[in-house]
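Throughout the sequence shown, residue numbering follows our numbering, covering 18 to 230 in sequence. Think of the CB as a built atom: it goes at the ideal place given N, C-alpha and C, for glycine as much as any other residue. The structure presented is a predicted model; accordingly, all values stated were derived computationally and were not measured.
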Amino acid sequence: MAEDWARRQDYYQKIARTFLKHQTSLFFLPPRDLDLISEWEKLNIPLEVIVEGIERAFARKLTGRRKRNIYSLSQCEKEILKAYAQHQERLVGQQAAPQQERKQKAALVNREVRACLPGLPESLGPVRQVLEQALVSLEAEPPDEDRLETLDEELDRILWDLTPEEEKQASLEAIRKDYPGRSDQQLEEILRTGVVKNKRQLFRIPHLALFYY
Numbered sequence: 018m019a020e021d022w023a024r025r026q027d028y029y030q031k032i033a034r035t036f037l038k039h040q041t042s043l044f045f046l047p048p049r050d051l052d053l054i055s056e057w058e059k060l061n062i063p064l065e066v067i068v069e070g071i072e073r074a075f076a077r078k079l080t081g082r083r084k085r086n087i088y089s090l091s092q093c094e095k096e097i098l099k100a101y102a103q104h105q106e107r108l109v110g111q112q113a114a115p116q117q118e119r120k121q122k123a124a125l126v127n128r129e130v131r132a133c134l135p136g137l138p139e140s141l142g143p144v145r146q147v148l149e150q151a152l153v154s155l156e157a158e159p160p161d162e163d164r165l166e167t168l169d170e171e172l173d174r175i176l177w178d179l180t181p182e183e184e185k186q187a188s189l190e191a192i193r194k195d196y197p198g199r200s201d202q203q204l205e206e207i208l209r210t211g212v213v214k215n216k217r218q219l220f221r222i223p224h225l226a227l228f229y230y
């Protein structure tokens, strides 16, 4: 029991240290970030993979088309899941197996997209259009992973743009409690990530990028 506790403590502490060395204006992780680490732990994502993903997220921040500040681990999750998918492929060590796994993942996403479409309200027409485009990429041989990732980012943008301002403000109030002293501009990326995640859950909109699966 003591050994397991020490391992978990090391897992949390090293993730926190990796993130905080890049974000020196923070002294500790807020509760919502600790909850996210707990989710990764339940998924058995190795510590070194999470560290790699965090480093990638901050490196991408400097080279990406859209400059952004990173104040939350949630903003690193995409790169962490990408690193985890690549880690799993390296473990397999064979080229044929990853290709088969991609097909299986594409089939899973295809089913989830088709299950989602009938329940979308008319107000989410732009979301429907993106999902229908995704079906073409999912059914390609092989699945067009780059296009799916682009469409996934487009979905996030649409969901954010369609969210009413009053809803964004209500979410911002909750985030301020975890990040006291931050300006609304500094918190915008965290707000965006949280709002989009909630919208996806509400309407059961699946991720399109295969590395999420």
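The stretch 65-72 touching the stretch 209-222, judged by at least three CB pairs closer than 8 Å = Contact between the stretch 65-72 and the stretch 209-222 is absent, because fewer than three Cβ pairs lie under 8 Å.
request  = Mind checking which residues open and close the alpha helix (DSSP H) that includes R145?
outcome  = Counted from its first residue, the sequence shown places residue 145 at position 128. Segment G142 to L155, the alpha helix (DSSP H) holding R145.
request  = Evaluate A151 with the Cβ neighbour count: other Cβ atoms within 10 Å of its Cβ, from every protein chain shown; 16 or more gives buried, anything less gives exposed.
outcome  = Within the sequence shown, numbered from 1, the residue matching residue 151 stands at position 134. Per the 10 Å Cβ criterion, buried.
request  = Return the CA-CA distance between L64 and L125, expressed in angstroms with no decimal places.
outcome  = Position 47 of the sequence shown, counting from 1, holds the residue named residue 64. Position 108 of the sequence shown, counting from 1, holds the residue named residue 125. Here the alpha carbon of L64 sits roughly 27 Å from the alpha carbon of L125.
Beta-carbon separation (whole angstroms), I175 vs V153, contact threshold 8 Å = Residue mapping note: residue 175 aligns to position 158 of the sequence shown, counting from 1. Residue mapping note: residue 153 aligns to position 136 of the sequence shown, counting from 1. Going by Cβ atoms, the distance from I175 to V153 rounds to 18 Å, so no, they are not a contact pair.
ask   = How big is the Cα-Cα spacing for D27 and D21?
value = In the sequence shown, the residue the question calls residue 27 occupies position 10. In the sequence shown, the residue the question calls residue 21 occupies position 4. Cα to Cα, the separation comes out at about 10 Å.
ask   = Would DSSP call L189 helix, strand or coil?
value = To locate residue 189, count along the sequence shown from 1; it is residue 172. In the three-state DSSP reduction, L189 falls in the helix class (H, G or I).
key: C-alpha distance - L168 paired with L53, whole-angstrom precision   = In the sequence shown, residue 168 corresponds to position 151, counting from 1. In the sequence shown, residue 53 corresponds to position 36, counting from 1. Each residue's alpha carbon lies about 24 Å from the other.
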